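Below you'll find the structure, written out as structure tokens, and then a few comments.
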Amino acid sequence: MDVRYKTLEEQIFLLNEDEKFYRDYYEAGQSSRDLQSFLSCVDQEDAIRRHLVIPDLLPEIISYEMNDEEYFKEGEQRNVYISQHNRYTPAFLHRHNFFEIVFVYHGTCTQNIGTTRKSFSDGDVIFIAPGVYHTMEVFQDQSIVFNILIQQKTFHQMFLPLASGNNLQSQFFKEGLYNQHRLEYLVYHTQDSWKSFVLKMYYEHLNHDAFSDQILIGMMTYLSADMMRRFQGTMESSYSSSHTRGLEDFLVLNYIQEHIDTVTLADISRHFGFSLSYCSKLIKNTTGMGFSEWKRALRVRKGERLLVNTTDTVNDISLSLGYENTETFIRIFKKETGMTPGQYRKRGQKRPAD
Numbered sequence: 052m053d054v055r056y057k058t059l060e061e062q063i064f065l066l067n068e069d070e071k072f073y074r075d076y077y078e079a080g081q082s083s084r085d086l087q088s089f090l091s092c093v094d095q096e097d098a099i100r101r102h103l104v105i106p107d108l109l110p111e112i113i114s115y116e117m118n119d120e121e122y123f124k125e126g127e128q129r130n131v132y133i134s135q136h137n138r139y140t141p142a143f144l145h146r147h148n149f150f151e152i153v154f155v156y157h158g159t160c161t162q163n164i165g166t167t168r169k170s171f172s173d174g175d176v177i178f179i180a181p182g183v184y185h186t187m188e189v190f191q192d193q194s195i196v197f198n199i200l201i202q203q204k205t206f207h208q209m210f211l212p213l214a215s216g217n218n219l220q221s222q223f224f225k226e227g228l229y230n231q232h233r234l235e236y237l238v239y240h241t242q243d244s245w246k247s248f249v250l251k252m253y254y255e256h257l258n259h260d261a262f263s264d265q266i267l268i269g270m271m272t273y274l275s276a277d278m279m280r281r282f283q284g285t286m287e288s289s290y291s292s293s294h295t296r297g298l299e300d301f302l303v304l305n306y307i308q309e310h311i312d313t314v315t316l317a318d319i320s321r322h323f324g325f326s327l328s329y330c331s332k333l334i335k336n337t338t339g340m341g342f343s344e345w346k347r348a349l350r351v352r353k354g355e356r357l358l359v360n361t362t363d364t365v366n367d368i369s370l371s372l373g374y375e376n377t378e379t380f381i382r383i384f385k386k387e388t389g390m391t392p393g394q395y396r397k398r399g400q401k402r403p404a405d
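Here the sequence shown is numbered in our numbering, starting from 52 and rising by one per residue.
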């Protein structure tokens, strides 16, 4: 490997200052007492200046709606933006008005995309359609994930030829280009085929000059087309049951997630000024589930994270999720996962570290 790329590869495995903060935050979250102690020491002005994601302290500064203008400034010769996802960043629900391409360079990550929760590993490439709600979890030191963003107009030029066919790939890009979004994501399992290539792209991005933009556009076009040709046989995709992607949908789902322990349909109705029937229909159309089913799924999902990542007792976790009776939580958890909370925690603790 060229010494330039070898040096860069060594650097990407080092935690930056924000990642060190997020790791401390993540580890403090293993118990309620440690978390409160950690949050009490956070310099809020510094956190705001650094745009740190701290849902337990500064939820108001989190950007839940992202557009390409934040990454591609007017007058800049940049059409491709590549960043390394900060490890240990708290997972938060958000969406983009552009296609996002996620490349797992090393290790693993987990994403909630729409109503689907999936784990990915080395070499996986995930295309996420515009307007799709998703989260990202990268909670290991040795996991390296790159986000690749392409300016909308450039993406249209690059992928329009791929939207002319009749296969699933063509349908995905066609829907994205014309704001339909029935297909939420595509996943290609490339193993190690593109690791060195993506590292070169990242190096080009970091050492940007007058030629870099055209080089990156060419590299991204080649990567995408060749990957779709070679790995379409093992490609995965997901249909969305939703036909709408309005701001109301996003705000309601985010409200449910933030108040999962106590939220009721009546609370949502009062908060947003919607009728009960409208709230119920909106949730059903957006998630494919009724309110109670969606709330139960979110509670179980959060319970899974707390069981693996904290030392809180099952009773404490049950109470934090809004269950007054621990037996009710255990019964629902077992029905959804096939395991009791205790069994799930033991399984999580037995997994080898990355």
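Glycine is no exception: its CB is placed at the ideal position from the N, C-alpha and C atoms.
Bear in mind that the values here come from a model prediction, so they are computed numbers and not experimental data.
> Does the distance from the C-beta atom of residue 90 to that of residue 108 stay below 7 Å?
Replying inline: Position 39 of the sequence shown, counting from 1, holds the residue named residue 90. Position 57 of the sequence shown, counting from 1, holds the residue named residue 108. For residue 90 and residue 108, yes; Cβs fall inside 7 Å.
>> So residue 327 and residue 316 are supposed to be a Cβ contact under 8 Å. How far apart are they, rounded?
In response: The residue labelled residue 327 in the question sits at position 276 within the sequence shown. The residue labelled residue 316 in the question sits at position 265 within the sequence shown. Yes, residue 327 and residue 316 are in contact; Cβ-Cβ is about 6 Å, under 8 Å.
> Is residue 383 near residue 392, with beta carbons less than 7 Å apart?
Replying inline: Mapped onto the sequence shown, residue 383 falls at position 332. Mapped onto the sequence shown, residue 392 falls at position 341. Cβ distance not < 7 Å, so residue 383 and residue 392 don't count as in contact.
> How close, in whole Å, do the beta carbons of residue 312 and residue 372 come, if the pair is a contact with beta carbons under 8 Å?
Replying inline: The residue you call residue 312 lines up with position 261 of the sequence shown. The residue you call residue 372 lines up with position 321 of the sequence shown. So it is a contact: roughly 6 Å between Cβ atoms.
>> With H, G and I counted as helix, E and B as strand and the rest as coil, what does DSSP make of residue 256?
In response: In the sequence shown, counting from the first residue as 1, residue 256 sits at position 205. Note: residue 256 maps to helix in three-state DSSP.
> Going by the beta-carbon positions, is the gap between residue 275 and residue 234 smaller than 7 Å?
Replying inline: Looking up residue 275 in the sequence shown gives position 224. Looking up residue 234 in the sequence shown gives position 183. Not a contact, by the Cβ cut-off of 7 Å.
> Looking at the unbroken alpha helix (DSSP H) that takes in residue 358, where does it start and where does it end?
Replying inline: As a first step, residue 358 is located in the sequence shown; it is residue number 307 there, counting from the start. Segment 342-360, the alpha helix (DSSP H) holding residue 358.
> Considering residue 95, what are the terminal residues of the beta strand (DSSP E) in which it resides?
Replying inline: On the sequence shown, position 44 is the one that residue 95 refers to. Element bounds for residue 95: not the beta strand (DSSP E) but the alpha helix (DSSP H), 95-100.
> Cβ atoms of residue 143 and residue 119: under 7 Å apart, would you say?
Replying inline: As a position in the sequence shown, residue 119 is number 68, starting the count at 1. As a position in the sequence shown, residue 143 is number 92, starting the count at 1. Going by C-beta atoms, residue 119 is not nearer than 7 Å to residue 143.
>> Are the CB atoms of residue 134 and residue 198 within a distance shorter than 7 Å?
In response: Position 147 of the sequence shown, counted from the first residue, corresponds to residue 198. Position 83 of the sequence shown, counted from the first residue, corresponds to residue 134. Yes, these two residues count as a Cβ contact at 7 Å.
> Should residue 220 go down as buried or exposed, given a rule of 16 or more other Cβ atoms within 10 Å for buried?
Replying inline: By 1-based counting over the sequence shown, the position of residue 220 is 169. Its Cβ being crowded by 16 or more others within 10 Å, residue 220 is buried.
> Between the Cα of residue 218 and the Cα atoms of 123, 389, 284, 324, which residue gives the shortest distance?
Replying inline: Residue mapping note: residue 218 aligns to position 167 of the sequence shown, counting from 1. Closest by alpha carbon: 284.
> Are residue 362 and residue 369 touching if we call contact CB-CB under 7 Å?
Replying inline: Here the question's residue 362 lines up with position 311 in the sequence shown. Here the question's residue 369 lines up with position 318 in the sequence shown. Cβ distance not < 7 Å, so residue 362 and residue 369 don't count as in contact.
>> Taking only three categories from DSSP, how would you classify residue 178?
In response: As a working mapping, residue 178 is identified with position 127 in the sequence shown. Correct three-state label for residue 178: strand.
> Would residue 164 pass as a contact of residue 185 if the rule is Cβ separation under 7 Å?
Replying inline: In the sequence shown, the residue the question calls residue 164 occupies position 113. In the sequence shown, the residue the question calls residue 185 occupies position 134. For residue 164 and residue 185, yes; Cβs fall inside 7 Å.
> Can you tell me whether DSSP reads residue 57 as helix, strand or coil?
Replying inline: On the sequence shown, residue 57 is found 6 positions in, with the first residue counted as 1. Of the three classes helix, strand and coil, the one that applies to residue 57 here is helix, per DSSP.
> Does the distance from the CB of residue 387 to the CB of residue 351 come in under 7 Å?
Replying inline: Walking along the sequence shown from the start, residue 387 turns up at place 336. Walking along the sequence shown from the start, residue 351 turns up at place 300. Yes, the pair counts as a contact, with Cβ atoms nearer than the cut-off.
> Between which two residues does the beta strand (DSSP E) carrying residue 205 extend?
Replying inline: Translated into the one-based positions of the sequence shown, residue 205 becomes position 154. Element bounds for residue 205: not the beta strand (DSSP E) but the alpha helix (DSSP H), 203-210.
> Roughly how many angstroms lie between the CA atoms of residue 344 and residue 191, to the nearest whole one?
Replying inline: Position 293 of the sequence shown, counted from the start, is the residue given in the question as residue 344. Position 140 of the sequence shown, counted from the start, is the residue given in the question as residue 191. C-alpha separation (whole angstroms): 31 Å.
> Are residue 156 and residue 74 closer than 7 Å when you measure CB to CB?
Replying inline: Your numbering for residue 156 matches position 105 in the sequence shown. Your numbering for residue 74 matches position 23 in the sequence shown. Their beta carbons are not under 7 Å apart, which means residue 156 does not touch residue 74 by this criterion.
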